[in-house]
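As they're listed, the protein sequences go chains A and B.
Its first residue numbered 11, the first sequence is counted upward by one per residue in this note's numbering.
Its first residue numbered 38, the second sequence is counted upward by one per residue in this note's numbering.
So the structure is just underneath, and the comments pick up after that.
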Amino acid sequence: MLDAYEKAGGRPDVLEARRVASAVIHAHDVLAVNEIEGVTIETEAREGGVRARINVAPGTKVEHPVHLCFGVTASEGLQVIDSEFEIGEGAEVGFLAHCTFPNAVELKHVMDARIHVGPGATMRYREAHYHGPEGGIEVLPTTHAQVDEDGRLEIEFDLTEGRVGRMAIEFDADVAANGVAELVSRAYGSADDDISVNEIVRLNGEGARGFTKTRVAVRDQAKSEITTTAEGNAPGARGHMDCTEIVRGRAEARNVPIVVVRDDRARVTHEAAIGSVGKKELETLMARGLDEEQAVDVIIRGMLRG
Amino acid sequence: MKQDLLQVEALSVQRPGAEVLRGVNMTVGRAEIHALLGLNGSGKTSLALALMGAEGYRPEQGRITLDGHDITHLSVTERARLGLTLAWQAPARFEGLPVADYLALGMEEPSRERIQEALEAVALAPKAYMGRSVDQALSGGERKRIELAAVYAMRPRLAILDEPDSGVDVLCLEDVITLIRRMADEGCSVLLITHRDEMARVADQASLMCGGTVVDSGPPDKVREYFARRCRPHGDLLGSQPWGEEAGGTYQRVVAEGMCDE
Chain A
11 MLDAYEKAGG RPDVLEARRV ASAVIHAHDV LAVNEIEGVT IETEAREGGV RARINVAPGT
71 KVEHPVHLCF GVTASEGLQV IDSEFEIGEG AEVGFLAHCT FPNAVELKHV MDARIHVGPG
131 ATMRYREAHY HGPEGGIEVL PTTHAQVDED GRLEIEFDLT EGRVGRMAIE FDADVAANGV
191 AELVSRAYGS ADDDISVNEI VRLNGEGARG FTKTRVAVRD QAKSEITTTA EGNAPGARGH
251 MDCTEIVRGR AEARNVPIVV VRDDRARVTH EAAIGSVGKK ELETLMARGL DEEQAVDVII
311 RGMLRG
Chain B
38 MKQDLLQVEA LSVQRPGAEV LRGVNMTVGR AEIHALLGLN GSGKTSLALA LMGAEGYRPE
98 QGRITLDGHD ITHLSVTERA RLGLTLAWQA PARFEGLPVA DYLALGMEEP SRERIQEALE
158 AVALAPKAYM GRSVDQALSG GERKRIELAA VYAMRPRLAI LDEPDSGVDV LCLEDVITLI
218 RRMADEGCSV LLITHRDEMA RVADQASLMC GGTVVDSGPP DKVREYFARR CRPHGDLLGS
278 QPWGEEAGGT YQRVVAEGMC DE
């Protein structure tokens with residue numbers, strides 16, 4: 011499991027550090043949990059899944075990101091994680107989650123997360139996936155988030171290593187006055203991978219802000235569909251959606267931005283670019299000696315890092 | 038006598054609706070800085086793109102040889118691997134690609150020292166720039182300087198620099214000129230496309246383009262003189278020409294008379 015965790019970008023030594031809060035969950039077994047002052051992690055393995063409740067006490071500033079390791083090393087199976095994140099008023103915390111399924115042939119990973127970011131609190135959550143080369147995996151994360159007044163939620167989701175398989179991200183957030191929600195999703199699909207992202211950000215409070223950024227590359231016969239909804243429901247609410255998808259071969263990319271404004275002092279914008287790699291970008295790199303495939307790879311990898 | 042590094046013979050390129058290059062002949066010697074002058078729309082950038090083999094600029098007629106190799110029908114990559122490269126007038130941006138990685142892409146043996154040296158050569162502090170992305174967050178001038186640094190780091194045999202001075206602040210111009218001289222001193226030939234008189238002064242040879250062809254070649258002073266003599270003040274045909282204004286009004290506003298050989 012630790013080898014797989016490392017492949018996903020994690021550092022196994024960190025999981026052993028006592029000063030770093032962490033949890034390791036393999037399939038439906040909780041292998042390790044480390045709590046630190048101000049951070050409690052309650053887990054319960056039960057039939058059909060694992061329930062995890064992570065609580066950060068009000069006012070706690072967590073120095074090192076909480077490390078979470080989820081995965082299944084077998085080629086077949088199911089992992090269901092039902093999680094709750096409660097970030098108390100004024101707390102600040104980061105999470106680094108690594109999800110690894112290196113041998114997946116017929117595997118499903120279901121994650122149902124409920125996030126509550128209290129008033130003036132900040133939560134940064136970064137999730138990186140590593141999948142094997144087979145593509146026989148389904149990744150189905152669903153997140154419901156509530157960001158209170160002056161709170162801040164930043165989520166980054168990366169699935170750029172190994173085959174995607176089928177991925178369907180469902181995310182929705184309600185943002186109160188002067189709160190911020192930022193969601194960044196990156197994925198690289200190939201063969202017959204199927205990527206679906208459906209995000210909804212409701213800017214309900216005065217001065218609430220929302221930002222979604224999606225970077226997807228698809229090649230071969232892979233498909234991606236990104237649907238992003240931003241609602242400006244209050245005075246001074248500001249939302250922006252930014253989507254770039256690169257298509258190669260016979261792949262297909264679709265982007266559906268939905269803008270809803272219910273207050274004439276709110277403003278929501280979107281930008282989307284879907285297409286092949288730009289000729290000038292390509293020729294610039296080729297003029298440095300890269301062949302076309304190498305140049306495309308550099309451009310796509312860069313975009314997925316951006 | 039040593040053969041020229043680049044030879045262009047009777048090169049013609051057709052674009053939709055226009056013949057942008059018409060029988061271009063020119064040569065660039067080894068370790069030579071060759072200024073390519075001409076008004077806007079005279080065909081300088083088209084020639085640069087045709088030499089690099091860019092899509093849409095493949096020739097209908099003519100021949101390009103680099104160090105004796107016929108490269109007329111080679112791809113951009115193949116030309117680059119023979120030592121030819123181009124710094125675009127408005128360089129492309131690359132989201133998420135760090136400057137250090139971008140510079141390393143063209144280097145045969147990438148090294149941190151060479152990357153630092155190249156950035157310092159364009160007056161950019163390596164510490165501040167190596168980790169930044171080659172993206173929209175860079176100003177136009179910064180991006181141009183990074184492009185020059187990338188070309189320098191690559192150690193090409195022939196670098197085509199399309200207006201390396203445009204968008205670069207006046208204080209940095211001297212650095213750009215010094216870098217071009219340094220490239221030539223290190224054995225790299227430079228085809229320098231420019232509107233600026235002070236940039237053209239660094240050249241060993243010059244050519245003047247007009248109407249899609251080279252109408253004069255020779256020592257820079259002679260070509261600049263030709264440019265002044267054979268062109269006449271013309272206020273409304275092509276608009277303001279930086280050459281005239283930046284030369285302190287010496288040449289006034291000028292426009293070429295067209296295919297006007299002696």
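Even glycine gets a Cβ: it sits at the ideal position worked out from N, Cα and C.
Hey, is B:V45's beta-carbon within less than 8 Å of any beta-carbon in chain A?
-> Judged by the 8 Å Cβ criterion, B:V45 is not in contact with chain A.
Residue span of the alpha helix (DSSP H) that contains A:R21, given as start and end = Per DSSP, A:R21 lies in no alpha helix (DSSP H) segment and is marked neither H nor E.
Identify the continuous alpha helix (DSSP H) that holds A:I46 and give its terminal residues.
-> Note, A:I46: premise wrong, no alpha helix (DSSP H); not H, not E.
Report the residue from B:D202, B:E146, B:E154 whose alpha carbon sits nearest the alpha carbon of B:V239.
-> Checking every option, the nearest Cα to that of B:V239 belongs to B:D202.
Is B:Q126 near B:E200, with beta carbons less than 8 Å apart?
-> Their beta carbons are under 8 Å apart, which means B:Q126 touches B:E200 by this criterion.
With 16 as the cutoff for other CB atoms within 10 Å, does A:P143 come out buried or exposed?
-> Counting other Cβ atoms within 10 Å of its Cβ, A:P143 stays below 16 and is therefore classed as exposed.
The alpha helix (DSSP H) with B:I152 in it runs from where to where?
-> Boundaries of the alpha helix (DSSP H) around B:I152: 149 to 158.
Just the C-alpha distance for A:V228 and B:V50, rounded to the nearest angstrom, thanks.
-> In a straight line, the C-alpha of A:V228 is about 35 Å away from that of B:V50.
Chain-ordered neighbours of B:M191 on chain A, where CB pairs are closer than 7 Å = Result: R298.
Beta carbon proximity, B:P128 to chain A, threshold 8 Å | It does: the Cβ of B:P128 has a partner Cβ on chain A nearer than 8 Å.
Is it true that the stretch 224 to 239 of chain B meets the stretch 53 to 61 of chain B, where meeting means three or more beta-carbon pairs spaced less than 8 Å apart?
-> Judged by Cβ distances under 8 Å, the stretch 224 to 239 of chain B makes no contact with the stretch 53 to 61 of chain B, as fewer than three pairs qualify.
Is there a Cβ from chain B that is less than 8 Å from the Cβ of A:G285?
-> No, because no Cβ of chain B sits closer than 8 Å to the Cβ of A:G285.
What residues in its chain sit with their C-beta under 8 Å from that of B:L229, if we drop five residues either side in the sequence?
-> These residues qualify, in order along the chain: I70, H71, A72, L73, L198, P201, I217, M236, A237, V239, A240.
CB-CB under 6 Å to A:K71, same chain, minus the five flanking residues each way: which ones, in chain order?
-> Counting only residues of its own chain and dropping the five nearest sequence neighbours on each side, A:K71 has a CB closer than 6 Å to the CB of E102.
Can you give me the start and stop residues for the alpha helix (DSSP H) that A:G312 sits inside?
-> First-last of the alpha helix (DSSP H) with A:G312: 302 to 315.
Secondary structure of A:M296, DSSP reduced to three states | Three-state result, A:M296: helix.
In or out: B:V176 buried (at least 16 other Cβ within 10 Å) or exposed?
-> Note on residue identity: the sequence assigns Ser, not Val, to residue 176 of chain B. Its Cβ having fewer than 16 others within 10 Å, B:S176 is exposed.
Pick out whichever of A:A107, A:E209, A:V194, A:P245 has its Cα sitting closest to the Cα of A:G215.
-> The candidate whose alpha carbon is nearest that of A:G215 is A:P245.
So with Cβ pairs under 8 Å, would you call B:R180 a contact of chain A?
-> False, the Cβ-Cβ gap to chain A never drops below 8 Å.
Step through the CB atoms of chain B and report whether any lies within less than 8 Å of the CB of A:R176.
-> By this cut-off, A:R176 is not an interface position.
Look at the Cβ atom of A:A42, then the Cβ atom of A:V34, and state whether they are nearer than 8 Å.
-> A distance below 8 Å separates the beta carbons of A:A42 and A:V34.
Any beta-carbon of chain B closer than 8 Å to the one on A:M251?
-> At a cut-off of 8 Å, the C-beta of A:M251 has no neighbouring C-beta in chain B.
Where does A:A240 land, buried or exposed, given buried means 16+ other C-beta within 10 angstroms?
-> By the Cβ-count criterion, A:A240 is buried, with 16 or more other Cβ atoms from all chains shown falling within 10 Å of its own Cβ.
Per-residue DSSP class, three states only, for A:S200 = If DSSP states are grouped into helix, strand and coil, A:S200 belongs with coil.
Alpha helix (DSSP H) runs wholly inside the stretch 53 to 81 of chain B, at least 4 long, in chain order = Runs found: none.
May I have the straight-line CA-CA distance separating B:T64 from B:R118, to the nearest angstrom?
-> The straight-line gap from Cα to Cα measures roughly 20 Å.
Where does B:C209 fall in DSSP's three states?
-> Correct three-state label for B:C209: helix.
Could you please give me the residues that DSSP links to A:G249 through a beta bridge?
-> Paired residues: A:G220, A:V278.
Using the Cα positions of B:P257 and B:A243, report the straight-line distance between them to the nearest angstrom.
-> Approximately 5 Å between the Cα atoms of the pair.
How would you write the range of the alpha helix (DSSP H) that B:D138 sits in, first residue to last?
-> Unbroken alpha helix (DSSP H) run through B:D138: 136 to 142.
How do the stretch 128 to 147 of chain B and the stretch 160 to 170 of chain B stand: do at least 3 beta-carbon pairs fall below 8 Å, yes or no?
-> A contact exists between the stretch 128 to 147 of chain B and the stretch 160 to 170 of chain B.
Hey, could you find the ends of the alpha helix (DSSP H) B:E179 is sitting in?
-> Where B:E179 is concerned, the enclosing alpha helix (DSSP H) stretches over 177 to 191.
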